[in-house]
Each structure stands twice: as structure tokens, then as C-alpha cells.
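Chains as they are written, first to last, in full-length UniProt numbering: chain U, 1 to 240; chain A, 1 to 240; chain F, 1 to 240; chain L, 1 to 240.
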């Protein structure tokens with residue numbers, strides 16, 4: 001049985017995404033679509049694969065909502081998390097927000113090497129895309145990677161130490177955190193139906209998307225592929 | 001483990017509701033709410049029960065959306081099914097509609113005893129409520145139960161045989177079915193989050209609701225109670 | 001201004017659908033998409049039409065959710081109403097259900113001509129489709145239309161008079177109504193975003209759909225077309 | 001008529017929220033709830049107010065979804081915007097994200113006085129709450145307000161100038177923006193039903209909420225109060 005997939009994790013965005021729970025399979029889609037016939041199948045055959053393709057092609061989406069996944073994202077930058085908030089129709093999430101996360105930062109020293117687990121630090125800096133204002137140029141890195149990294153690290157260190165100074169002055173966390181860099185890492189539990197999850201993959205695994213988010217979409221696809229391969233394929237093909 | 005609960009069924013409305021699948025437990029709620037602390041608990045303790053009560057009381061509902069159930073309803077009248085369509089936020093359903101169901105009726109003979117599995121036949125006829133136009137008087141039955149039953153059965157028999165006559169004339173099913181009695185039975189797969197399920201129970205398990213729907217709400221509560229008892233109790237108490 | 005469109009009605013399914021209220025226009029879509037530029041346009045130009053096409057083609061759907069319509073359906077059969085319940089994501093509806101409607105039937109006499117406003121009575125009976133079990137053969141009517149109509153009317157009359165007999169015996173309405181024919185007419189208020197409305201039109205205005213529902217989809221398209229023609233065209237083309 | 005309310009704005013969080021559009025009123029709620037009676041009222045009376053109270057008290061929420069508002073938020077910090085993403089059920093939003101906003105910053109000079117319209121700068125710094133880790137102590141300010149402000153401004157200036165240095169090195173915007181302080185201001189169009197809007201007000205206008213968000217909740221309440229005062233009052237009272 002595939003229940004052993006629960007707990008599988010893939011590294012993304014120098015954090016990781018874990019398949020924390022799920023229910024259903026390709027068979028759940030088939031059984032839901034055939035509910036009026038009064039039989040529950042326990043094994044897939046060719047006819048079932050055809051049915052799944054038919055449902056996706058004709059946008060009969062309701063059977064694809066009985067398969068549900070829960071993902072836990074840890075150490076993923078806020079920028080990435082925000083994309084998931086936007087796929088909330090048919091989804092639910094619980095976010096460990098900055099406010100709470102801040103309580104655990106007391107232990108973090110001022111040196112940036114130690115921030116590493118707390119802020120997203122790119123290993124490579126990509127060039128700006130020439131025509132698309134919102135994208136990077138695939139595969140092209142800036143010449144001065146070290147210089148970029150030094151500026152980046154220094155900015156995070158400065159932001160974080162300013163945050164701590166404000167706390168020392170007695171400023172409330174909800175105001176002090178406003179100067180923290182947006183690259184702080186977040187934790188998130190995201191529950192979504194098969195339909196919503198594949199919709200996210202479709203929208204985010206393409207050229208125009210930010211690389212970090214594209215990587216997340218690919219990791220999620222990899223995690224759920226063994227659970228309902230026929231449905232995923234049919235849904236991905238249906239809107240092309 | 002509670003996974004053995006999958007497949008449990010309870011009879012309602014002379015049909016039945018089955019817990020076909022589920023994921024999560026009280027621990028899922030707790031772990032989602034504490035996602036930023038980076039630890040997943042595997043056993044509940046007193047603090048966790050308190051946290052669940054706190055979340056429900058303060059309407060932090062998102063952690064309750066990571067527990068999800070799939071119910072299959074068979075032999076349940078359309079009137080009851082329609083109530084579930086209305087709780088679709090955070091839910092999904094696949095209905096075996098009349099149209100398809102009709103295809104299996106070819107085997108049903110004209111005698112009403114044989115309709116029994118296809119139409120909802122009340123065993124007892126309740127009196128109209130004196131003040132509430134939309135309800136029945138709890139526990140009070142009409143004097144002439146046999147007479148009521150005869151009228152009811154005759155009406156169903158007449159509706160169904162007229163339907164068959166129209167089909168014989170070559171009338172399309174989508175028009176012929178318009179004269180079928182509303183008591184025909186339906187099959188339905190309903191997937192809903194813990195939050196949505198408890199919201200349904202809260203709205204339907206009370207005096208003003210139709211008895212058949214109230215019975216369904218109670219059956220559903222019974223089916224899910226062993227899975228996340230603390231969350232259900234906390235949510236039911238939170239809006240009183 | 002287009003606000004004078006409020007109140008426009010189109011006859012469908014021997015009932016009617018009215019545009020009861022709406023907000024927004026093509027300009028709302030454009031202004032939402034350009035919110036970060038801090039200017040609100042008050043007149044459309046070529047660039048805006050291009051932007052709308054781009055948004056639809058790339059499935060940036062959120063700007064299309066700021067245009068919202070309210071439709072009131074009266075005298076429309078329950079079968080048609082049910083299709084709208086299914087498009088509830090991003091929608092809301094309030095249904096005048098059978099239960100309440102029943103209270104106004106006291107004035108209706110037993111003669112079927114008088115049912116006419118209360119039940120859906122087809123003027124023409126279509127033939128069953130040869131290969132598609134769920135559809136009618138477009139444009140082909142049964143030979144014996146009068147005979148079909150007589151059976152249909154008689155079935156409705158029988159169902160309705162049985163319903164009244166049960167009420168006379170003191171049976172509660174919620175049980176008595178179970179023998180009413182499914183063709184009873186309903187009233188419904190349906191509020192949906194532009195995205196959800198066009199999605200409904202797309203799914204229902206095609207060959208496989210029941211004619212009555214297809215007619216509703218077409219009527220709704222006609223009602224909203226003057227409000228945001230560019231968005232509707234772009235959305236209808238985007239998923240082909 | 002109240003349509004002249006469109007365009008009304010209230011300042012919040014050193015930005016502003018504008019009622020950009022709306023449809024419906026208390027009468028829409030009443031007419032939706034009474035759809036089956038076939039009459040549309042055009043004036044409220046005592047019975048209608050009672051009906052609204054009854055609907056809210058018994059959680060018949062669907063009639064409250066036919067009143068819809070569109071708000072435009074400008075110059076509001078990302079932290080505040082994020083709260084609105086979470087009320088997406090029954091809502092829609094279009095966010096002018098950082099990425100796009102960045103394109104307009106080329107004109108902004110390096111001096112912090114000129115950032116003022118681009119980042120949220122508190123005029124007063126509140127003390128941390130003694131027991132509630134997530135809140136500030138109402139009405140209590142830190143002693144050294146000027147010092148706090150200097151640290152805050154310096155941090156923003158440093159973050160922003162680092163961002164510009166990375167762009168000069170050719171780093172793509174999607175990576176460079178990761179070091180920007182979270183206090184950057186955003187623009188957002190938010191469309192929500194009356195039900196969802198009041199739910200947001202209820203959750204956010206209370207002691208535990210961040211002051212900036214509480215102020216937004218209050219501003220939104222003020223903007224919509226003239227449109228449907230009875231419904232707002234009934235909904236706010238219903239869950240106490």
C-alpha cells in the first residue's frame with residue numbers, strides 16, 4: 001500500500017516539503033464517478049483509465065476532489081509560501097507566521113552564518129530576464145556572484161540586528177518585525193484537493209514562474225505522482 | 001490505529017452512510033497549529049486538548065481543515081442529498097444523479113413492493129407541526145398511518161409507471177424524469193473538512209431540521225467521533 | 001451607464017431569469033490587474049483589451065472575480081436550479097425551496113391547467129438520443145406529442161392531488177412533498193463572480209447538456225454581455 | 001441612493017482603503033430570503049429588520065452573500081494585506097505585488113524621507129505586551145521613540161539601498177527583493193461578500209489583533225455601515 005509514502009520529503013528553496021498525510025487514489029476518483037452503480041472497485045483496469053481521461057477532458061472535476069493531500073513546508077521563504085495562500089479555493093493552510101517564529105529566534109546569534117537556517121540565502125544569483133520584467137534569465141548567472149552574496153548577507157545581518165535593537169528598546173514585536181527582510185523562512189501546513197494541487201502545479205511549473213516556486217511545484221508533483229498517476233496525467237493534459 | 005474505521009456504515013433514511021475514507025486526527029489539528037515550532041507530536045496530552053479548545057473558542061479555524069472525511073451515501077432520498085450540496089464550501093461531492101440512475105431501473109418491475117429500494121418509503125407518517133410551518137410535530141404520528149401509506153405508495157407507483165410510458169413513446173429521459181416523485185433515492189460521495197462537517201452537524205442536528213436530515217447528521221457525528229473526539233467537542237461547543 | 005440593465009429579464013424553461021444586480025465592468029478587471037500602478041482608468045482602450053486577453057490566456061483569474069452578478073430565477077424547474085448549486089465555488093445562492101413554496105399552493109385548484117405556473121410543462125417532447133444515454137436528439141420530436149403531454153399532465157395532477165390528500169390526513173409537509181413530481185418550479189437568487197458565471201456558461205452551453213439548462217446558460221450570457229463583453233469573450237476563448 | 005458612497009476613502013496604516021464598488025443593501029438580503037414569495041420589496045419595514053435578525057441568529061447565511069463589496073487598499077503594508085488573503089473564502093483579491101511595484105521605484109531617490117510613501121513608517125512605537133507574546137500593550141509607548149525611529153529608518157534605508165546595489169550587479173528582481181524589509185507598502189483590490197467582510201471585522205476588531213489591522217477592520221466597517229446597517233449589526237451580534 002502507498003500509505004508508506006506519508007513522511008516522504010523533498011528539499012526545496014533550501015528548506016523542504018513533506019507529504020504529511022493523504023487520502024485516496026486513482027480508484028477514489030473512479031469510485032466517486034461511478035457512485036450510482038453501487039459497486040466499489042478495488043483494482044484499476046483499462047476502462048478506469050479511460051474514464052479518468054474522459055472526466056478530465058470534459059471538466060467533470062468533482063471526482064478529483066475526493067483525493068486530498070497535506071503538505072508541511074519548513075524553511076521555505078515567505079515569498080514561496082505566499083503563492084500557496086493564493087490557491088486556497090479547495091485548500092486550507094495553517095501558517096507559522098513571523099510573529100510566532102520570532103519567539104524562537106532568541107537563540108540565534110548575530111553572525112550571519114547562523115542565520116542560514118532562518119533566512120533564504122541563494123547559492124547562485126540569476127540575471128534579470130531581458131524582456132520579461134517579472135522573471136530571471138534561465139541558466140544565466142551574474143558575473144560577480146560573490147559580491148552579490150556579500151551584499152545580500154550584509155543586508156540580512158543589518159535587518160536582523162536592527163530588529164533585535166528595537167526589541168531591546170522595548171518595541172513590540174509586531175512593529176519591530178516590519179524591518180525584517182522578506183527572505184525570512186516560514187513553516188506552513190497546506191491541505192489541498194487533487195484538483196487544486198494539480199492546478200497549482202500547472203500554473204507554477206512553467207517558464208514565467210519564479211525558479212524557487214517552480215522547484216516547489218515540481219517537488220509536490222513528485223511526491224503525489226505515485227498516489228494517483230493517471231489522474232495527474234489526465235488533469236495536466238486537459239487544459240493544454 | 002483508527003484506519004480500520006474505514007468502511008463503517010450506519011443506516012439512515014432507509015439507506016445508509018459509509019465512512020469511505022479519511023485522513024488526520026486530533027493530532028493533525030495540534031501539529032498544524034504548532035507548525036512553526038518544528039516538532040510533530042505523536043501522542044496527545046492535556047496541553048494539546050487545551051490548545052484545541054483555545055483554537056475553537058477563538059475561531060482559529062484553519063487547523064481544523066487538515067482533517068478530511070469522505071462519506072458515501074446510498075439509498076438516500078434526493079431531499080436529504082440536497083442539504084449536502086449546500087455545505088459545499090470546503091467540501092466536494094459527486095452525485096449519481098437521476099439521469100444515470102434511471103438506466104438501472106429497467107430491471108425494476110411495476111409493482112410497488114419492488115420500488116422499495118428505489119424510493120424513500122416512510123414507515124411512519126408524522127403530524128404537521130402546529131406553529132412551525134416547516135417542521136413536523138416530534139413524536140406525533142397521524143391516526144391513519146395505513147391510509148397515508150396507501151396514498152403515498154399509489155402516488156409513487158403512478159409516477160413511475162407514467163415515466164415508463166413516456167420512455168416507451170420515445171421521449172428522452174431528461175424530459176420523462178420530470179414527473180418522477182422527488183422521493184427517488186440517490187447515491188452521493190461527499191468529501192468535507194472537519195470544519196465543514198461539524199458545521200453541517202451543528203446546523204442540522206436540532207429541532208427545526210427535518211427528521212431524516214437530523215438522523216443523517218447524527219449518523220455522521222457517530223462515524224467521525226472516534227477519529228477526533230476533542231476537536232468535535234470543542235467545535236460543537238464553540239458557537240453555542 | 002449600464003446600471004439600467006438591472007431588471008432585464010429573459011424567459012427560460014417557461015420561467016424567467018432576471019439580472020437583479022451587478023457590479024463592475026471590463027474596466028474593473030483592468031483596474032484590478034493594474035492596482036499597483038495607482039491609477040484607475042475610466043475609459044477602455046486597445047491596450048486594456050489586450051491586457052484582458054493576456055490575463056485570460058495565462059489564467060490570471062483573480063481580476064475576473066471583482067465583477068459580480070446577481071440573478072433571480074423564477075418559475076424554473078428544480079432540475080435546472082440544481083445545476084447552479086454545483087457552481088457554488090465563488091458563488092452564493094438562496095433557494096426558495098419546495099417546503100416554503102408549498103405554503104402558497106393552497107390557492108391552486110386541482111385542475112391541471114392551473115398547475116401550469118407551478119410545474120414545468122414541456123411544449124414539445126424530444127426524442128431520446130441514439131447513442132448518448134444522457135441526452136436528447138437535437139431537433140427530433142416524438143411522433144405522438146399529444147399523447148406524451150396527456151401522460152405528463154396526468155402524472156403531475158395525480159402527484160399533486162395525492163400530496164393534498166396526505167396534507168388533509170394531517171401528514172407533515174416535509175413527508176408529504178416526497179411524492180411531488182420533480183418538475184415543480186422553484187425560485188432562486190444566484191450571485192456569482194464573472195469567473196464563475198462564465199465557467200457555468202462554458203460547461204452548460206454545449207451539445208451534451210440538457211436543453212433547458214443550455215437555454216439558461218445562453219440567457220445568462222445574453223444578460224451579462226453588454227456589461228463586460230471583452231472579458232466574456234476572452235474567458236470563453238481561453239480554455240478551448 | 002447610496003451609490004454615491006463609491007469612492008469614499010479612509011486613511012489607515014499611513015495608507016488608505018477606498019470603497020471602490022458595491023452591490024446590494026439590507027433589502028437584497030430580505031429579497032433573497034423571500035425569493036419564493038415572488039415579490040421584491042423596495043422599502044424596509046420592521047418585519048424586514050426582524051427577518052434579518054432571525055437569519056443571522058439561526059446562521060442562515062446565504063442571503064448575506066448577495067451583498068458584495070470591492071475595496072482598494074493603497075499604501076498598506078504587506079503585513080496588513082496578508083490578513084486579507086486569509087479571508088479568501090467567498091472573497092477574491094488582486095494584489096499588486098512587490099515584483100511589479102518594484103518597477104516604479106526607479107524614480108525613488110536614496111534618501112529615506114523619500115521612502116516615506118513606499119514603506120510603512122510608524123509614528124509611534126508601542127511597547128511589547130507583558131503576557132501576550134503576539135500583542136502590544138495598548139496605549140503604552142516606548143520611552144525612546146526617537147531612537148526607535150532612527151533604528152527603523154536606518155534599517156529600511158539599508159535594505160532598500162542593498163536592493164538597488166543587487167539590481168546594479170544585474171541580479172534579477174525576484175532574488176534581489178528577498179532582502180527588502182517586510183514593511184514595503186502594497187496595493188490590493190479585495191472583493192468580498194457581506195458575510196465574509198463581517199467575519200473579517202469580527203475576527204480582527206478585538207484586543208488581540210495587531211493595531212494596524214484593527215484599524216483597517218474599523219475603517220472597513222465604517223465604509224459599509226451606511227449600505228446595510230441592519231445586516232451588519234445582526235451579523236456582529238450573532239456569534240458573540
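Even glycine gets a Cβ: it sits at the ideal position worked out from N, Cα and C.
Exposure of residue i, with buried meaning 16 or more beta-carbon neighbours within 10 Å
| i | result |
| --- | --- |
| residue 58 (chain F) | exposed |
| residue 74 (chain F) | buried |
| residue 196 (chain A) | buried |
| residue 56 (chain U) | buried |
| residue 140 (chain F) | exposed |
| residue 206 (chain F) | exposed |
| residue 48 (chain F) | buried |
| residue 161 (chain F) | exposed |
| residue 111 (chain F) | Any reading at residue 111 (chain F) must be qualified, since the residue scores a pLDDT of 30, below 50, and its modelled position is unreliable; no value is offered. |
| residue 41 (chain A) | exposed |
| residue 237 (chain L) | exposed |
| residue 174 (chain U) | buried |
Endpoints, alpha helix (DSSP H) assigned at residue i
| i | result |
| --- | --- |
| residue 28 (chain F) | 26-33 |
| residue 16 (chain A) | Counting along the chain, residue 16 (chain A) falls outside any alpha helix (DSSP H), though it belongs to the beta strand (DSSP E) covering 15-23. |
| residue 121 (chain A) | Note, residue 121 (chain A): premise wrong, no alpha helix (DSSP H); not H, not E. |
| residue 188 (chain A) | Premise fails: residue 188 (chain A) lies in the beta strand (DSSP E), 185-193, not in any alpha helix (DSSP H). |
| residue 221 (chain L) | 211-224 |
| residue 49 (chain A) | 46-57 |
| residue 159 (chain U) | 145-168 |
| residue 233 (chain F) | 229-238 |
Chain A within 8 Å of residue i, Cβ atoms only
| i | result |
| --- | --- |
| residue 184 (chain U) | no |
| residue 59 (chain L) | yes |
| residue 172 (chain F) | yes |
| residue 181 (chain F) | yes |
| residue 79 (chain F) | yes |
6 Å Cβ shell around residue i - same chain, five flanking residues per side excluded
| i | result |
| --- | --- |
| residue 116 (chain L) | Here the model assigns residue 116 (chain L) a pLDDT of 36, short of 50, so the residue's position is not dependable and the matter cannot be decided. |
| residue 228 (chain L) | 25, 26 and 67 |
| residue 230 (chain L) | 26, 49 and 52 |
| residue 28 (chain U) | 66 and 67 |
Beta-carbon separation (whole angstroms), residue i vs residue j, contact threshold 8 Å
| i | j | result |
| --- | --- | --- |
| residue 22 (chain F) | residue 44 (chain L) | At roughly 22 Å, the Cβ-Cβ gap does not stay under 8 Å, so residue 22 (chain F) and residue 44 (chain L) are not in contact. |
| residue 178 (chain L) | residue 79 (chain U) | 7 Å |
| residue 127 (chain U) | residue 142 (chain U) | 6 Å |
| residue 220 (chain A) | residue 17 (chain A) | 6 Å |
| residue 166 (chain A) | residue 148 (chain F) | 6 Å |
Residue-level contact to chain F via CB, residue i, 8 Å cutoff
| i | result |
| --- | --- |
| residue 155 (chain A) | yes |
| residue 221 (chain U) | no |
| residue 84 (chain U) | no |
| residue 203 (chain U) | yes |
| residue 68 (chain L) | yes |
| residue 35 (chain L) | yes |
Min CB distance residue i to chain L below 8 Å
| i | result |
| --- | --- |
| residue 243 (chain U) | Outside the shown range of chain U, which is 1 to 240, sits residue 243 (chain U), and nothing can be said about it. |
| residue 189 (chain F) | yes |
Extent of the continuous beta strand (DSSP E) run through residue i
| i | result |
| --- | --- |
| residue 68 (chain F) | 68-77 |
| residue 127 (chain L) | 126-128 |
| residue 179 (chain L) | No beta strand (DSSP E) holds residue 179 (chain L); DSSP gives it neither H nor E. |
Cutoff 8 Å: residue i Cβ touching any chain U Cβ
| i | result |
| --- | --- |
| residue 177 (chain A) | no |
| residue 159 (chain L) | yes |
| residue 123 (chain L) | no |
Own chain, CB closer than 8 Å to residue i, minus 5 neighbours either side, in chain order
| i | result |
| --- | --- |
| residue 215 (chain U) | 12 and 13 |
| residue 6 (chain U) | 19, 20, 21 and 22 |
| residue 176 (chain U) | 163, 166 and 167 |
| residue 98 (chain F) | With a pLDDT of only 41 at residue 98 (chain F), under 50, the local geometry of the prediction cannot be trusted, and the value read off the model is given with reservation. Closer than 8 Å at the Cβ level, and outside the excluded window around residue 98 (chain F), lie 78, 177, 180, 184 and 186. |
| residue 222 (chain A) | 10 |
Cβ neighbours of residue i in the same chain (closer than 7 Å, five flanking residues each side left out)
| i | result |
| --- | --- |
| residue 120 (chain A) | 13, 14, 77, 183 and 185 |
| residue 302 (chain A) | Nothing can be reported for residue 302 (chain A), as the shown portion of chain A is limited to 1 through 240. |
| residue 61 (chain U) | 195 |
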